[in-house]
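Chains as they are written, first to last, in the working numbering: chain R, 1 to 109; chain G, 110 to 222.
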């Protein structure tokens with residue numbers, strides 16, 4: 001049972017580039033979330049989804065986009081990477097409790 | 110109103126000691142209070158959770174104490190072990206509004222032998 005799988009684990013981007021962070025879960029959970037984790041700041045919610053075809057903004061959505069075409073997948077898109085988006089990104093599924101992936105460490109230079 | 114304040118930022122405890130991490134919340138509507146444990150390079154994982162209808166919940170060496178009137182809750186780790194060294198996050202949420210899990214800023218715990 002893989003749980004929540006995030007790819008890639010690490011990535012370095014140049015300013016202005018775009019990329020998609022992948023998240024897949026095999027537990028048939030309806031709820032999925034994207035967080036960013038910055039040192040000393042805890043986890044901030046970027047976007048969430050309550051089911052296929054339904055997404056909504058969290059606390060810090062600017063600069064990101066998401067889609068949810070299937071129950072399993074919830075990709076996060078960065079269109080124009082900025083240094084402020086350097087962070088560790090976590091995907092999670094379910095509500096009580098939330099099951100987290102191991103994160104994507106993203107650096108934008 | 111949506112903040113969860115966590116302290117201390119870091120904690121050093123000797124093996125066998127008691128580790129205590131405190132959290133305070135503002136929104137009295139919160140009804141779900143989980144604690145997550147995170148090891149380096151890994152995602153957070155649920156450690157223990159409590160609801161406001163009880164004042165204490167214990168699972169092994171881990172205990173949550175909850176004070177509804179003070180809007181505070183804390184994690185106690187008894188007989189702390191080096192394997193407990195991790196970052197701990199408290200959180201608060203609303204069962205009926207599943208986008209509202211608000212995390213504290215985290216406590217880095219180091220347990221020395």
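Note that CB positions come from ideal geometry on N, CA and C, so glycine has one too.
### Task
Would you give the residue range spanned by the beta strand (DSSP E) that residue 144 of chain G belongs to?
Residue 144 of chain G sits at position 35 when you count from the first residue of the second chain. For residue 144 of chain G, the enclosing beta strand (DSSP E) has its first and last residue at 142 to 147.
### Query
On the three-state DSSP scale, how would you describe residue 85 of chain R?
Taking the first chain and counting its residues from 1, the one referred to as residue 85 of chain R is at position 85. In this structure, residue 85 of chain R counts as helix in the three-state DSSP scheme.
### Message
I want to verify the contact list: residues of chain G whose CB lies under 8 Å from the CB of residue 90 of chain R, in sequence order.
### Response
Mapped onto the first chain, residue 90 of chain R falls at position 90. Listed by position along chain G, the residues whose Cβ is nearer than 8 Å to that of residue 90 of chain R are 152 and 153.
### Query
Would residue 149 of chain G count as contacting chain R if we go by Cβ distances under 8 Å?
Counting from one through the second chain, the residue named residue 149 of chain G turns up at place 40. Output row for residue 149 of chain G: interface = no.
### Query
Can you give the beta carbon distance from residue 216 of chain G to residue 118 of chain G, rounded, assuming they're within the 8 Å contact cut?
Sequence index remark: in the second chain, residue 216 of chain G carries index 107 (1-based). Sequence index remark: in the second chain, residue 118 of chain G carries index 9 (1-based). Indeed, because the Cβ distance is near 6 Å, the residues count as touching under 8 Å.
### Query
If we ignore side chains and look at the alpha-carbon of each, how far apart do residue 84 of chain R and residue 12 of chain R end up?
The residue labelled residue 84 of chain R in the question sits at position 84 within the first chain. The residue labelled residue 12 of chain R in the question sits at position 12 within the first chain. The straight-line gap from Cα to Cα measures roughly 13 Å.
### Message
Please report whether the beta-carbon of residue 53 of chain R lies at a distance below 8 Å from any beta-carbon of chain G.
### Response
Here the question's residue 53 of chain R lines up with position 53 in the first chain. No, residue 53 of chain R lies away from the interface with chain G (no Cβ there is under 8 Å from its Cβ).
### Contact check, residue 22 of chain R vs residue 81 of chain R, beta carbons under 8 Å
Locating residue 22 of chain R in the first chain gives position 22, where the first residue counts as 1. Locating residue 81 of chain R in the first chain gives position 81, where the first residue counts as 1. With respect to residue 81 of chain R, residue 22 of chain R sits apart: the two C-beta atoms are not nearer than 8 Å.
### Selection from R:101, R:89 and R:79 that minimises the alpha carbon distance to residue 37 of chain R
Residue mapping note: residue 37 of chain R aligns to position 37 of the first chain, counting from 1. When only C-alpha atoms are compared, the closest one is R:89.
### Query
Near residue 126 of chain R, which residues of its chain fall below 7 Å by C-beta distance, leaving aside the five closest residues on each side in sequence?
Outside the displayed range of chain R (1 to 109) lies residue 126 of chain R, so it cannot be described from this structure.
### Query
What does residue 102 of chain R touch in chain C if you count any residue whose Cβ is under 9 Å from its own?
Absent from the structure: chain C. Protein chains present are R and G.
### Query
Under a Cβ-count criterion, where at least 16 other Cβ atoms within 10 Å of its own Cβ denotes burial, should residue 6 of chain R be classed as buried or exposed?
By one-based count along the first chain, residue 6 of chain R stands at place 6. Using a 10 angstroms sphere on the CB of residue 6 of chain R, the tally of other CB atoms reaches 16 or more, which defines it as buried.
### 8 Å contact criterion, which residue 146 of chain G and residue 197 of chain G should meet: CB distance rounded
The residue given as residue 146 of chain G occupies position 37 in the second chain. The residue given as residue 197 of chain G occupies position 88 in the second chain. Between residue 197 of chain G and residue 146 of chain G the Cβ distance is about 6 Å, and since that is below 8 Å, they are a contact.
### Query
At which residues does the beta strand (DSSP E) containing residue 167 of chain G begin and terminate?
Locating residue 167 of chain G in the second chain gives position 58, where the first residue counts as 1. Counting along the chain, the unbroken beta strand (DSSP E) around residue 167 of chain G starts and ends at 165 to 168.
### Message
Just to confirm the assignment, what range does the beta strand (DSSP E) spanning residue 95 of chain R have?
### Response
As a working mapping, residue 95 of chain R is identified with position 95 in the first chain. Premise fails: residue 95 of chain R is in no beta strand (DSSP E) and is neither H nor E.
### Query
Are three or more beta carbon pairs between the stretch 123 to 130 of chain G and the stretch 183 to 203 of chain G nearer than 8 Å?
As far as the Cβ criterion goes, the stretch 123 to 130 of chain G touches the stretch 183 to 203 of chain G, which means the pair count is three or higher.
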